[in-house]
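In the UniProt record's numbering, the protein residues as written are 1 to 343. Some notes on the structure that comes next.
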């Protein structure tokens, strides 16, 4: 299938849209593969990146980290970006499953597209995508080579998601009732709602569905929508993480997942992030280190949420990238992948 991947000027590279999954109602979930036009047959180095959007909006082209795509292309690596089912038409259980299935698909089916085996596979994700990358790595039997988690929503049981009264991006409070009525929570059973696996947006400030992200933060009901359980965030705040029912604990990998055996992980997060607090990454660093995981952190002082995506189509390894916010942290992230993503 022809691709609409927004980067067309990568010398020696092509892109292709591939359905990696068909769910029970016939909905197809797609991924884009960006790969060299020619190959010597040697095992491929693959980076699988999950997009952000608070698990609510976006698609495989949204908030694209062009700097990562350029880094892959300059090294002959393969870049894969998948869609996944979004809230509130689905729960986070579906997004987590889609992310894991995309990972399995790369191992099992991507070699046929590339004409060569996959030699190593690393995961990256931005914001909600960082959460999905971590969830995928925790659940995977065959672990990835490395994880790059970029301002990841890694701690959905944290106080940011269980304490009401604050909007994202330091925006003023808004009336949440009409938004929640327009975008109701999906319960875990007994509903027939068509899933949405791609919701591109032009302007988050005016998009009606993006307003749901604000409402869930203001009312502190993000965990409720994730699990499809009304009142879950309130229970977590009152009773602690053990209030999460057993069947929903996979949605909280830092709290309940087996972190031992995970590969080296880099956490990249702006210290002044006003959408996903730095504490999501500092808690992750502590938990991962306690479990014996090799952790590398980059917490630049002045790097707001999405700072790297807002830089646009720029190759940060050339002089053109020198003006990008926190460019040295991004270059260190590439260095981390160079060290650990290659077998």
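By construction, the Cβ of each residue, glycine as well, lies at the ideal position given by its N, Cα and C atoms.
Could you name the residues that DSSP lists as bridge partners for residue i?
i: residue 125; result: 50 and 149
i: residue 318; result: DSSP output for residue 318 lists no bridge partner at all.
i: residue 29; result: 21
i: residue 15; result: 34
i: residue 296; result: 266
i: residue 284; result: Residue 284 pairs with nothing; no bridge assigned.
i: residue 45; result: 120
Give me the Cα-Cα distance between residue i and residue j, rounded to the nearest whole angstrom.
i: residue 12; j: residue 249; result: 44 Å
i: residue 4; j: residue 246; result: 41 Å
i: residue 304; j: residue 65; result: 14 Å
i: residue 69; j: residue 138; result: 25 Å
i: residue 44; j: residue 164; result: 46 Å
i: residue 223; j: residue 296; result: 28 Å
i: residue 320; j: residue 9; result: 16 Å
i: residue 152; j: residue 135; result: 11 Å
i: residue 46; j: residue 92; result: 25 Å
i: residue 55; j: residue 87; result: 6 Å
i: residue 60; j: residue 239; result: 37 Å
i: residue 37; j: residue 114; result: 9 Å
i: residue 257; j: residue 280; result: 16 Å
i: residue 104; j: residue 192; result: 27 Å
i: residue 206; j: residue 292; result: 44 Å
i: residue 340; j: residue 330; result: 16 Å
i: residue 184; j: residue 235; result: 20 Å
i: residue 327; j: residue 109; result: 35 Å
i: residue 200; j: residue 58; result: 5 Å
i: residue 180; j: residue 317; result: 43 Å
i: residue 149; j: residue 22; result: 27 Å
i: residue 309; j: residue 106; result: 24 Å
i: residue 182; j: residue 225; result: 14 Å
i: residue 18; j: residue 27; result: 13 Å
i: residue 29; j: residue 251; result: 21 Å
i: residue 350; j: residue 77; result: Outside the modelled stretch of the chain, which goes from 1 to 343, sits residue 350, for which no answer is possible.
i: residue 230; j: residue 237; result: 14 Å
i: residue 169; j: residue 25; result: 36 Å
i: residue 208; j: residue 270; result: 27 Å
i: residue 336; j: residue 171; result: 34 Å
Are the CB atoms of residue j and residue i within a distance shorter than 9 Å?
i: residue 298; j: residue 267; result: yes
i: residue 243; j: residue 232; result: yes
i: residue 123; j: residue 49; result: yes
i: residue 272; j: residue 301; result: yes
i: residue 218; j: residue 287; result: no
i: residue 127; j: residue 63; result: yes
i: residue 275; j: residue 228; result: no
i: residue 154; j: residue 332; result: no
i: residue 186; j: residue 89; result: yes
i: residue 346; j: residue 143; result: Here the chain covers residues 1 to 343 and nothing more, so residue 346 does not appear.
i: residue 419; j: residue 220; result: The chain is shown only over 1 to 343; residue 419 falls outside these bounds and no answer can be derived.
i: residue 177; j: residue 52; result: no
Return the chain-ordered list of same chain residues with a C-beta closer than 8 Å to the C-beta of residue i, the five sequence neighbours on each side being excluded.
i: residue 338; result: 75
i: residue 174; result: 167, 211, 214, 215 and 218
Going along the chain, which residues of its own chain have a beta-carbon closer than 6 Å to the beta-carbon of residue i, five neighbours each way excluded?
i: residue 241; result: 157 and 255
i: residue 85; result: 94, 95, 98, 195 and 197
i: residue 204; result: 210
i: residue 116; result: 39, 41 and 44
i: residue 294; result: 264
i: residue 160; result: 277
i: residue 132; result: 50, 99 and 125
i: residue 71; result: 334
i: residue 414; result: Nothing in the structure corresponds to residue 414, since the chain is present only between 1 and 343.
Got a sec: is the Cβ-Cβ distance from residue i to anything in chain D below 9 Å?
i: residue 82; result: Included in the structure is just one protein chain, with no chain D present.
At a cut-off of 8 Å, is residue i close to the ligand NAP when judged by its beta-carbon and the heavy atoms of the ligand?
i: residue 41; result: As for the ligand NAP, it is missing from this structure, which has no ligand bound.
Suppose the cutoff is 7 Å on Cβ atoms and the five residues either side in sequence are ignored; what does the same chain contact list for residue i look like?
i: residue 15; result: 3, 5, 32, 33 and 34
i: residue 102; result: 20, 31, 48 and 82
i: residue 314; result: 66, 67, 320, 321 and 324
i: residue 342; result: 45 and 120
i: residue 253; result: 134, 135 and 138
i: residue 285; result: 267, 295 and 297
i: residue 118; result: 43, 44, 46, 106, 107, 110 and 111
* **beta strand (DSSP E) runs contained entirely in the UniProt domain "Alpha/beta hydrolase fold-3" (47 to 202), provided each spans 3 or more residues** => 78 to 82, 118 to 126 and 147 to 150
* Asked: Whole alpha helix (DSSP H) runs in the stretch 199 to 278 with 4 or more residues, listed along the chain?
  -> 210 to 218, 222 to 227, 232 to 239 and 253 to 256
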